[in-house]
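A.B. asks: Sending over a structure as structure tokens; questions will come in a sec.
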Amino acid sequence: MNSNGLFTTLTPSLPWVLGIGAMILFASDVISIILNPQYNPVGETISEIVHYPSGWIITIGMTAMVVMHTLLTAVLISSPASRCHRLVRFAGIIFAIIALGFVIIMVFRTDPGKEIITLGGGIHISTAVGISILFPIACGSLAIALWHHRKSEILIIFSAIIAVVSLFVAWQAMPQNDVGYTGANERLLVLINLSWLVMAGFRLPRLLSIC
620 MNSNGLFTTL TPSLPWVLGI GAMILFASDV ISIILNPQYN PVGETISEIV HYPSGWIITI
680 GMTAMVVMHT LLTAVLISSP ASRCHRLVRF AGIIFAIIAL GFVIIMVFRT DPGKEIITLG
740 GGIHISTAVG ISILFPIACG SLAIALWHHR KSEILIIFSA IIAVVSLFVA WQAMPQNDVG
800 YTGANERLLV LINLSWLVMA GFRLPRLLSI C
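Counted the way my numbering counts, the sequence shown spans residues 620 to 830.
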């Protein structure tokens, strides 16, 4: 199957996969919190919930994120727009790296508490930081690439807002910023990024179909 055929095959499922994936991640986090009342969702990171009895449920949401970013990567790279705009391909590569990052996060668990104790914990934290920085870069790259498209104004404006806000919240959630609301900041960051993914799922297919 050539790139055009792949793009045509995958694009109808993009809004559904991104929308349902977002709901799965949100539900897995809520269920994990409810089943572990001793867990502090405001002060503890999302990753720390895996150390609690029912914390494994969050991995379902992480798996959904891998699927979402993998599909988005395939759609971007196979699109007609990617053959005309290098930034579209660049964004696709970044989303592929992000998908791999979520796999790494699931394989290497974070260390309990605020200190990095093990190599695996260090890999986990470094990867999470990388994802939080790469996501707004990918959004910004797509916004620039689609700037010429007269029907992309809403997505461009939304992407620019998401990129700026996402970077700010990501900075607040960084390990060195001991603000005491790490879990809350991480969940806000996830919500912001998911909102972009859901909107992009509905608007990108039409925009990417034009070179």
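A virtual CB, placed ideally from N, CA and C, is assigned to each residue, including glycine.
Predicted model only: the values in this text are computed from it and were never measured.
1. Which residue's Cα is closest to the Cα of F754: W635, R728, V726 and T692?
2. Indicate whether A706 and I763 have their beta-carbon atoms separated by less than 8 angstroms.
3. Could you work out which residue in G802, E772 and L786 is closest to N812 when comparing CA atoms only?
4. At what residues does the alpha helix (DSSP H) containing E667 begin and finish?
5. Quick one: residues in its chain with C-beta nearer than 7 angstroms to the C-beta of G711, no 5 flanking neighbours on either side, listed in chain order?
6. If we require 4 or more residues per run, which alpha helix (DSSP H) segments fall completely within the stretch 691 to 765?
7. What do you get for L690, buried or exposed, if any count of 16 or more other CB atoms within 10 angstroms of its CB means buried?
8. Output needed for F714: all residues of its chain with C-beta closer than 7 angstroms, excluding positions within five of it in sequence on either side, in chain order.
9. Which residues in the same chain as A789 place their Cβ atom closer than 7 angstroms to its Cβ, once the five residues preceding and following it in sequence are excluded?
10. Under 8 angstroms between the Cβ atoms of L633 and V817?
11. What is the DSSP secondary structure of P656, reduced to helix, strand or coil?
12. If the criterion is Cβ atoms closer than 8 angstroms, does the pair M684 and F721 meet it?
13. Can you round the beta-carbon distance between P699 and C830 to whole angstroms, since I take them to be within the 8 angstroms contact cut?
14. Within this structure, are the beta carbons of I668 and I679 separated by less than 8 angstroms?
15. For W766, count the other beta carbons within 10 Å of its own beta carbon; 16 or more makes it buried, fewer makes it exposed. Which is it?
16. Considering only C-alpha positions, which residue in the set A718, R708, S778 and I723 is nearest to R819?
17. Take the Cβ of I773 as the centre, count every other Cβ of all protein chains shown within 10 Å, and call the residue buried at 16 or more, exposed below.
18. Starting from the C-beta of V686, find all residues in its chain whose C-beta is less than 7 angstroms away, skip the five residues before and the five after it, and write them out in chain order.
C.D. replies: Taking the geometry as given:
1. The sequence position of residue 754 within the sequence shown is 135, counting from 1. Per the Cα distances, T692.
2. Residue numbering aside, residue 706 sits at position 87 when the sequence shown is read from its first letter. Residue numbering aside, residue 763 sits at position 144 when the sequence shown is read from its first letter. As written in the sequence, residue 706 is Leu, which differs from the Ala given in the question. The answer is yes: Cβ separation under 8 angstroms.
3. For this step, residue 812 is matched to residue 193 along the sequence shown. For N812, the nearest C-alpha among the options comes from L786.
4. As a working note, residue 667 is residue 48 in the sequence shown. No alpha helix (DSSP H) contains E667, which DSSP labels as neither H nor E.
5. Taking the first residue of the sequence shown as position 1, residue 711 is located at position 92. Closer than 7 angstroms at the Cβ level, and outside the excluded window around G711, lie T692, L695, I696 and S701.
6. 705 to 726 and 738 to 764
7. Taking the first residue of the sequence shown as 1, we reach residue 690 at position 71. L690 should be labelled buried.
8. In the sequence shown, residue 714 corresponds to position 95, counting from 1. Correct list, in chain order: H688, L691, T692, L695 and A757.
9. As a working mapping, residue 789 is identified with position 170 in the sequence shown. Excluding positions up to five away in sequence, the list reads S751, I752 and L808.
10. Mapped onto the sequence shown, residue 633 falls at position 14. Mapped onto the sequence shown, residue 817 falls at position 198. Against a cut-off of 8 angstroms, the Cβ pair of V817 and L633 comes out as no contact.
11. Here residue 656 refers to the residue found at position 37 of the sequence shown. Coil, per DSSP.
12. Within the sequence shown, residue 684 is the residue found at index 65, counting from 1. Within the sequence shown, residue 721 is the residue found at index 102, counting from 1. In this structure, F721 lies closer than 8 angstroms to M684 by Cβ.
13. Position 80 of the sequence shown, counting from 1, holds the residue named residue 699. Position 211 of the sequence shown, counting from 1, holds the residue named residue 830. Right, the Cβ-Cβ distance comes to about 5 angstroms (below 8 angstroms), so this counts as a contact.
14. Taking the first residue of the sequence shown as position 1, residue 668 is located at position 49. Taking the first residue of the sequence shown as position 1, residue 679 is located at position 60. No, the pair does not count as a contact, with Cβ atoms beyond the cut-off.
15. Taking the first residue of the sequence shown as 1, we reach residue 766 at position 147. By the 10 Å Cβ count, W766 comes out exposed.
16. Taking the first residue of the sequence shown as 1, we reach residue 819 at position 200. According to the sequence provided, residue 819 is Ala. The question's Arg does not apply to it. That would be S778, whose Cα lies nearest to the Cα of A819.
17. On the sequence shown, residue 773 is found 154 positions in, with the first residue counted as 1. Exposed, by the Cβ-count rule.
18. Numbered from 1 along the sequence shown, position 67 holds the residue referred to as residue 686. So the list reads V636 and G640, once near-sequence residues are dropped.
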